[in-house]
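K.L.:
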Amino acid sequence: MTSKILIIGACGQIGSELTYKLREIHGVDNVIASDINTRKLELVNAGPFVILDAKNFNAIKDCCINHNVKTIYLMAALLSATGEKYPMEAWDLNMNSLFHVLNLAKVKQIDHVFWPSSIAVFGPTTPKEDTAQHTIMEPSTVYGITKQVGERWCEYYHEKYGVDVRSIRYPGIISWKTLPGGGTTDYAVEIYHEALKNKAYECFLSEDTELPMMFMDDAIKATVDIMQADADTIKIRSSYNLAAISFTPKEIANSIQEHIPDFKITYKPDFRQAIADSWPKSIDDTTAKKDWNWEHAFSLKDITKEMLLQLGEK
Ligand code: AKB
Numbered sequence: 025m026t027s028k029i030l031i032i033g034a035c036g037q038i039g040s041e042l043t044y045k046l047r048e049i050h051g052v053d054n055v056i057a058s059d060i061n062t063r064k065l066e067l068v069n070a071g072p073f074v075i076l077d078a079k080n081f082n083a084i085k086d087c088c089i090n091h092n093v094k095t096i097y098l099m100a101a102l103l104s105a106t107g108e109k110y111p112m113e114a115w116d117l118n119m120n121s122l123f124h125v126l127n128l129a130k131v132k133q134i135d136h137v138f139w140p141s142s143i144a145v146f147g148p149t150t151p152k153e154d155t156a157q158h159t160i161m162e163p164s165t166v167y168g169i170t171k172q173v174g175e176r177w178c179e180y181y182h183e184k185y186g187v188d189v190r191s192i193r194y195p196g197i198i199s200w201k202t203l204p205g206g207g208t209t210d211y212a213v214e215i216y217h218e219a220l221k222n223k224a225y226e227c228f229l230s231e232d233t234e235l236p237m238m239f240m241d242d243a244i245k246a247t248v249d250i251m252q253a254d255a256d257t258i259k260i261r262s263s264y265n266l267a268a269i270s271f272t273p274k275e276i277a278n279s280i281q282e283h284i285p286d287f288k289i290t291y292k293p294d295f296r297q298a299i300a301d302s303w304p305k306s307i308d309d310t311t312a313k314k315d316w317n318w319e320h321a322f323s324l325k326d327i328t329k330e331m332l333l334q335l336g337e338k
């Protein structure tokens, strides 16, 4: 039986687009999408799909045995804003799902693991500009703590048990196919929907809050590239810094106004402001560039053009 790829959390913002991309590369039948429910029918009907709880070790193991899964992309997680509301649930899901997958790799049930980390691993004491690969990391959110601890465990499993686990620290991801949910950077997607629908958006972050961001196509390319790279080029087994662009709510609003001149933005910061304030403004990704030739393609101008076009058609 050909070996298969399993995507856990395939109905989420990144998981859904990753499923389509990996099916394009490896063939529809070789990529199994899974999630805790069938909330995204379009994806559920597009190829092999199993209902899978990322916290259930036996269910993941059975799925790997039954379908000869050798590679897992673990995309299920509670993000930063939801994590602050449900700290124990975030810890439970984010950590246990990772252990389940790493332990399957440790006993050689599977051969390769992709696990996403985030800029949330950084905290208020981290230098904010061009944040380095190796720097102070004292995250102040539950989500950030799970990602930082997860990174340590990934490196540990690689060093001690030879597990081939690869990871990148995603910034905020902007996409039009699937809405994000529960993140602090979600405003940068919502704003396009509201600009087209109502020509107005009330932003939950203040106008000058600068954060690292990236278009989905770049994020998917990075994910595919790091997984296709030769194992010996992947020198970092915790997680790679990854950068594309940085902007503020005011700057994204200006770029929308170039297409919709009467678009209005107002600001009403909520609890997510403190989360955003604890994160870097920009990221230094020299190591990813050097080790596996990472390069982003989309500028803010490109993203705005594409988002308004695609959402407009939708
Ligand atoms: C969030 O805002 O929580 C995520 C992230 C930066 O990891 N998008």
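Position in the sequence shown counted from 1, then plus 24, gives you our numbering. Using N, Cα and C, we set each Cβ at its ideal position, and we do this for glycine too.
1) Any heavy atom of the ligand AKB closer than 6 Å to the beta-carbon of THR62?
2) Taking the C-alpha atoms as reference points, what is the distance between VAL189 and GLN334?
3) Would you call the region 126 to 146 and the region 154 to 165 touching, i.e. three or more CB-CB distances under 8 Å?
4) Return yes when the Cβ of ILE32 is within less than 7 Å of the Cβ of ALA78, no when it is not.
5) Return the residue from the list GLN37, ALA100, ALA114, GLY147 that minimises the CA-CA distance to ILE299.
6) What are the boundary residues of the alpha helix (DSSP H) that includes ASP116?
7) For a test of your reading of the model: does the CB of ALA267 fall under 6 Å from any non-hydrogen atom of the ligand AKB? Yes or no.
8) HIS136 lies in the alpha helix (DSSP H); which residues open and close that run?
9) Please work out which residues of its chain come closer than 7 Å, Cβ to Cβ, to ILE284, disregarding the five sequence neighbours upstream and downstream, and give them in chain order.
10) Give the secondary structure of ASN265 by DSSP, where H, G and I count as helix, E and B as strand, and everything else as coil.
11) Should THR343 be labelled buried (16 or more other beta-carbon atoms within 10 Å of its own) or exposed?
12) From SER263 to SER191, what does the alpha carbon distance come to, in whole angstroms?
13) Any contact of the region 122 to 129 with the region 169 to 184, i.e. 3+ C-beta pairs under 8 Å?
14) What number of angstroms, rounded off, separates the C-alpha of VAL55 from the C-alpha of PHE123?
15) Determine, using beta carbons only, whether CYS88 and ILE49 come nearer to each other than 7 Å.
16) Which one of TYR216, VAL68, LEU46 has the shortest CA to CA distance from ALA246?
17) Is the beta carbon of LEU30 within less than 6 Å of some heavy atom of the ligand AKB?
18) I'd like the list of long-range same chain contacts for THR257, defined as Cβ closer than 6 Å, with 5 residues on each side in sequence excluded.
19) Tell me the DSSP secondary structure of PHE81 in three-state form.
20) Does any heavy atom of the ligand AKB sit closer than 6 Å to the C-beta of SER104?
P.N.:
Well, looking at it:
1) no
2) 34 Å
3) The region 126 to 146, when compared against the region 154 to 165, does touch it at the 8 Å Cβ threshold.
4) yes
5) GLY147
6) 111 to 130
7) Not one heavy atom of the ligand AKB sits closer than 6 Å to the Cβ of ALA267.
8) HIS136 -> not in any alpha helix (DSSP H); beta strand (DSSP E) instead, spanning 136 to 138.
9) ALA219, LYS223
10) strand
11) In the structure displayed, the chain extends from 25 to 338; residue 343 sits before or after that span and is not available.
12) Rounded to the nearest angstrom, the two C-alpha atoms are 5 Å apart.
13) Yes: the two stretches touch, three or more of their Cβ pairs being nearer than 8 Å.
14) 22 Å
15) Not a contact, by the Cβ cut-off of 7 Å.
16) Minimum Cα distance to ALA246 is reached at LEU46.
17) no
18) ASP315, TRP316
19) helix
20) yes
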